[in-house]
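See below for the structure under consideration.
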Amino acid sequence: DAGVTQSPTHLIKTRGQHVTLRCSPISGHKSVSWYQQVLGQGPQFIFQYYEKEERGRGNFPDRFSARQFPNYSSELNVNALLLGDSALYLCASSFSIGGTQYFGPGTRLLVL
Amino acid sequence: QQPVQSPQAVILREGEDAVINCSSSKALYSVHWYRQKHGEAPVFLMILLKGGEQKGHEKISASFNEKKQQSSLYLTASQLSYSGTYFCGTGRSNTGKLIFGQGTTLQVKP
Chain A
394 DAGVTQSPTH LIKTRGQHVT LRCSPISGHK SVSWYQQVLG QGPQFIFQYY
444 EKEERGRGNF PDRFSARQFP NYSSELNVNA LLLGDSALYL CASSFSIGGT
494 QYFGPGTRLL VL
Chain B
3 QQPVQSPQAV ILREGEDAVI NCSSSKALYS VHWYRQKHGE APVFLMILLK
53 GGEQKGHEKI SASFNEKKQQ SSLYLTASQL SYSGTYFCGT GRSNTGKLIF
103 GQGTTLQVKP
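In structure tokens form, the structure reads like this:
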């Protein structure tokens with residue numbers, strides 16, 4: 394079975410722009426979580442969606458938003474990009490809301 | 003509250019053992035261990051739940067001390083492939099919100 398997939402793999406944007414990152418969970422998984430990982434640090438929780446509903450939100454500004462589609466794939470949107478948004482954005486899927494999370498390869502975002 | 007991992011870094015020779023600790027100041031429901039190699043995504047190792055037993059597979063095992071809110075990851079007879087950064091992710095309830103530690107970098111040398 395395919396693992397978690399994310400697109401694009403790399404992205405370069407300029408300050409003020411917006412970005413949409415996409416994630417497809419492992420088949421049968423209904424929960425998707427998003428994390429931001431800055432170089433040298435552990436992943437930081439942004440959102441969790443389960444059955445298309447937001448079930449958790451981390452300490453991120455309103456510029457960050459997400460949604461989950463009927464096929465359980467998910468999008469993370471970031472508006473008004475700042476230099477500090479440069480990071481690896483990881484998507485993780487799990488079968489249940491509190492189940493084991495399996496990470497995708499991530500999208501590396503660079504904001505110039 | 004971010005869990006605290008110790009040590010921050012460790013260098014081993016092949017065949018040596020290592021222990022990585024993860025401590026929280028808050029009551030935990032679960033502890034999740036991952037290994038991340040440079041430029042790659044974190045790979046799931048194991049999950050320990052409150053009230054659960056010590057887990058392990060092959061030469062990697064872990065324990066969860068609920069009284070101390072501490073988990074330890076045991077790597078025995080280390081192999082070169084064990085090199086990477088180990089993260090613990092803690093959950094305070096049965097949700098998907100994991101708070102990760104700052105990581106422990108493990109380097110195994112021949």
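Residue numbers (the numbering used here), protein chains in the order written: chain A, 394 to 505; chain B, 3 to 112. By construction, the Cβ of each residue, glycine as well, lies at the ideal position given by its N, Cα and C atoms. This one's a predicted model, so the numbers in the text were calculated from it and none came from an experiment.
Within chain A, the residues that residue i reaches when beta carbons sit closer than 9 Å
| i | result |
| --- | --- |
| B/Pro9 | Within 9 Å Cβ-Cβ: nothing; B/Pro9 doesn't reach chain A, min ~15 Å. |
Partners in chain A for residue i, counting only beta-carbon separations shorter than 7 Å
| i | result |
| --- | --- |
| B/Ile49 | Thr493 |
Chain-ordered neighbours of residue i on chain B, where CB pairs are closer than 8 Å
| i | result |
| --- | --- |
| A/Ser487 | Gly98 |
| A/Ser424 | Gly98 |
Contacting residues, own chain, Cβ-Cβ under 8 Å from residue i (five flanking each side not counted)
| i | result |
| --- | --- |
| A/Ser466 | Arg415, Cys416, Ser417, Pro418, Val425 |
| A/Gly409 | Ala473, Leu474 |
| B/Asn96 | Tyr31, Ser32 |
| A/Gln430 | Pro436, Gln437, Ala480, Leu481, Tyr482, Leu483, Gly499 |
Sequence-distant residues of the same chain with beta carbon closer than 6 Å to residue i, five excluded per side
| i | result |
| --- | --- |
| B/Tyr76 | Val21, Ser63 |
| B/Ala11 | Thr107 |
| A/Phe453 | Ile439 |
| B/Leu51 | Ser32 |
| B/Glu60 | none |
| B/Cys24 | Pro5, Gln7, Ser73, Cys90, Gly103 |
| B/Glu18 | Ser80 |
Simplified DSSP assignment, three categories, for residue i
| i | result |
| --- | --- |
| A/Leu432 | coil |
| B/Leu82 | helix |
| A/Leu476 | helix |
| B/Leu100 | coil |
| B/Arg94 | coil |
| B/Glu42 | coil |
| B/Ala29 | coil |
| A/Tyr465 | coil |
| A/Phe453 | coil |
| A/Lys406 | strand |
| A/Ser424 | strand |
Outcome for residue i when other beta-carbon atoms lying within 10 angstroms are tallied against a minimum of 16
| i | result |
| --- | --- |
| B/Ser1 | The structure shown has nothing for residue 1 of chain B, since chain B only spans 3 to 112. |
| B/Pro44 | buried |
| B/Ile49 | buried |
| A/Leu503 | exposed |
| B/Pro5 | buried |
| A/Phe462 | exposed |
| B/Lys99 | buried |
| B/Ile13 | exposed |
| B/Gln81 | exposed |
| A/Asp478 | buried |
Distance cut-off 7 Å: residue i Cβ against heavy atoms of the ligand SAM
| i | result |
| --- | --- |
| B/Gln71 | Within the structure as shown, the ligand SAM is missing, as the structure has no ligands at all. |
Cβ shell of residue i (< 7 Å), same chain only, five flanking positions each side left out
| i | result |
| --- | --- |
| B/Lys39 | Gly86 |
| A/Ile405 | Leu503, Leu505 |
| A/Arg450 | Phe440 |
7 Å Cβ cut-off: residues of chain B touching residue i
| i | result |
| --- | --- |
| A/Gly435 | Phe89, Phe102, Gly103, Gln104, Gly105 |
| A/Leu483 | Ala43 |
| A/Gly499 | Ala43 |
Partners in chain A for residue i, counting only beta-carbon separations shorter than 8 Å
| i | result |
| --- | --- |
| B/Phe46 | Thr493, Gln494, Tyr495, Phe496 |
| B/Gly93 | Gly491 |
If you measure beta-carbon to beta-carbon, which residues of the segment 448–478 of chain A are closer than 8 Å to chain B? Arg448, Gly449, Gly451
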